[in-house]
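Under my numbering, the first residue of the sequence shown is numbered 684, with each subsequent residue one higher.
All C-beta atoms in this analysis are idealised placements derived from N, C-alpha and C, irrespective of residue type, glycine included.
Remember, predicted model here, so these are calculated numbers, not experimental data.
Okay, so here's the structure we're looking at.
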Amino acid sequence: MTRLIHGCGAAPVHDRAPNALSRGLSGEHIPDRPVTEPMTALEPRPTAESIREQVIDWRRYLHQHPELSFHEERTSRFIADRLAELDGLEITRPTPTSVLARLVTGRPGRVLAIRADIDALPIAEKNTHDFISTSPGVMHACGHDGHAAMLLGAAAILTSMRDELTGEVRFIFQHAEELLPGGAQELVKAGVLDGVDAVIGAHLWLDLPFGAVGVKTGELMAAADTLRITILGSGGHAATPHQTVDTIAVAAQVITNLQHVVARNVDPLAPAVVTIARIAGGTTHNVIPGSVELEGTIRTFNPRLRDSIGGIIERVIAGVTQAHGARYTLEIERGYAAVNNEEATCDLLRRAVTTALGPDVLVDATPFMGAEDFSAYQKAKPGSFFFVGARNEERGIVHPHHHERFDIDERALDYGTRTFVAAAIDFLGAKHQ
Ligand SMILES: [Zn+2]
Ligand SMILES: [Zn+2]
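Set out below in structure tokens:
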């Protein structure tokens, strides 16, 4: 166990007039304003209401200082510093840029892990609010700044409730969700789930409006594998294609025929995607290149389909290239497994949403073909992942994840914090506040 020391030195106390902001659940606009280091000392016994503004400040600070996967030095230091301000958390750094905090009550009971990812993306932000990224070309365009802030809020509230809880809550601030091999499997290997009974995690979600929280038992997010193909022929003059094996023409055929893999070889009731997203070949208009590179992604839910679809893809590539006298190389890199939610933890989440936010907030989550390395935790322990609606059409908060103008309705942060807290109280068997 390492107790962490403040990395930021004497920071200015955040200046906040009590009524400067109005952030109720009633839908008011949250004004933009400059964000300094949010170092305000927490009140001794924060509640979801009292910590709401603080969580937004944390999110804005993290948004201003995004860091790429595996390079979350400042981010993880900030998180560890905030956690160190709470009373008696056991804080460790399982990897250089992740943080684990254990709230050990000292009373026997179950152990719930709650995970937030903390990394940003190589995207140049185009938003115009006054807390945009200060790191050129790097942006929190997936909402992980909000995940970290929501979990910090939950840690503050649950820590203040230590005397009412049994067992343990474990807060996992995970690095590198956005880049293979992902931080989750590293943390599982490092033992963050040892002794844990269940694990939950959330994603702020632009496909859901603010005011809705989506939970779904079973398949929620797809497995993602990367496809790399090289078409090999023999180049030559573009005017004499008969003296070449034209890799551009063969690559075009390969791409077209790969569309048949899902359309004609996969059970229509088993979701799957094969996309070629990159093609690179040739240098100029009159030279047929000797090779063409293709890259793409394979998305599946069913593990058996995931294992078999590579064989179908290879059969198509082999057939097309052979027909035209070309050769190929094929590499399929295994990415994250599918997020598959376990029944009991989904029930826990449904109860938590209903208790904390009301029955009208709870909706069935729609599965998504994107991937999440939360699945690495689910391989180790029973766990469920859920979506916190963050879309707001009226305010133009509609841009999808990984978009240069991605944003969230910040009122969603409170919904995430409250759901985490209610789930922990429920799981650990304590009385509600
Ligand atoms: Zn993302
Ligand atoms: Zn994400």
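message: I need the straight-line Cα distance from T939 to N1023, nearest angstrom please.
response: 32 Å
Other residues of its chain near G994: CB distance less than 7 Å, five sequence neighbours each side excluded: none
Alpha-carbon spacing of A1073 relative to E997, whole angstroms: 40 Å
message: Comparing C-alpha positions only, which one of L835, A796, R785 and L786 sits nearest to I762?
response: L835
message: According to DSSP, is A700 part of a helix, a strand, or is it coil?
response: Unreliable placement is indicated for A700, whose pLDDT of 30 sits below 50; the coordinate value is still reported in the next sentence. Reduced to three states, the DSSP call for A700 is coil.
field: Presumed contact (8 Å Cβ cut-off) between E1016 and T909, rounded CB distance
entry: 4 Å
field: DSSP-derived helix/strand/coil call for Q938
entry: In the sequence under discussion, the amino acid at residue 938 is Ile, which differs from the Gln named in the question. If DSSP states are grouped into helix, strand and coil, I938 belongs with the helices.
query: Is it true that the CB of G829 sits closer than 8 Å to the CB of I1080?
result: no
Rounded straight-line distance, which links the Cα of L804 to that of D1109: 34 Å
Short Cβ contact (8 Å threshold) for I883 with T1038: no
task: Give a yes or no on whether the C-beta atoms belonging to T802 and A767 are separated by under 8 Å.
output: Per the sequence presented here, residue 802 reads as Asp, with Thr not at that position. No, the pair does not count as a contact, with Cβ atoms beyond the cut-off.
- prompt: What are the partner residues of V957, as DSSP defines its beta bridges?
  reply: I981
task: Using three-state DSSP, classify G897 as helix, strand or coil.
output: strand
task: Pull up the distance between the alpha-carbon of P791 and that of T849, whole angstroms please.
output: 6 Å
- prompt: Does the region 884-900 come within contact of the region 808-821, defined as at least 3 CB pairs closer than 8 Å?
  reply: no
query: Is the closest heavy atom of ligand 2 to the C-beta of D800 under 7 Å?
result: yes
message: Less than 7 Å separating the Cβ of H748 from some heavy atom of ligand 2?
response: no
message: For a test of the three-state rule: what should DSSP assign to M1052, helix, strand or coil?
response: coil
query: Between the Cα of G964 and the Cα atoms of R987, L941, S991 and V933, which residue gives the shortest distance?
result: V933
task: Would you mind sorting G707 into buried or exposed? The rule is 16 or more other CB atoms within 10 Å of its CB.
output: The pLDDT assigned to G707 is 34, lower than 50, so where the model puts this residue is not dependable; a value taken from the coordinates is nonetheless given after this. By the 10 Å Cβ count, G707 comes out exposed.
field: Any non-hydrogen atom of ligand 1 closer than 7 Å to H1085 Cβ
entry: yes
field: Limits of the beta strand (DSSP E) - the one that H886 falls within
entry: A881 to P892
field: Straight-line Cα distance separating Q942 from D1097
entry: 43 Å
message: So for R989, helix, strand or coil by DSSP?
response: helix
- prompt: Is H827 near ligand 2, going by C-beta to nearest heavy atom under 7 Å?
  reply: yes
message: My parser needs the beta strand (DSSP E) runs of 3 or more residues fully inside the region 762-837; what are they?
response: 773-775, 782-787 and 794-800
- request: Following the continuous beta strand (DSSP E) through F1069, name the residue where it begins and the one where it ends.
  value: G1066 to R1074
message: Going by DSSP in three states, A946 sits in which element: helix, strand or coil?
response: helix
message: Looking at the secondary structure, which residues open and close the beta strand (DSSP E) in which A857 lies?
response: In the sequence on display, residue 857 carries Gln and not Ala. Its beta strand (DSSP E) spans residues E851 to Q857.
task: Spell out a yes or no on whether the region 853-872 and the region 982-989 are touching, meaning 3 or more CB-CB pairs, one atom from each, closer than 8 Å.
output: no
- prompt: Closest to E773 by CA distance: which of I855, T1049, G919 and V945 is it?
  reply: I855
- prompt: In its own chain, which residues sit with a C-beta less than 7 Å from the C-beta of G710, not counting the 5 before and 5 after it?
  reply: Note on G710: pLDDT 37, under 50, position unreliable in the model; no value is reported.
query: If we ignore side chains and look at the alpha-carbon of each, how far apart do H748 and A796 end up?
result: 26 Å
- request: Compute the Euclidean distance between the alpha carbons of V821 and H1007, then round it to the nearest angstrom.
  value: 43 Å
- prompt: Starting from R1034 and walking both ways along the alpha helix (DSSP H), at which residues does that stretch end?
  reply: E1026 to L1040
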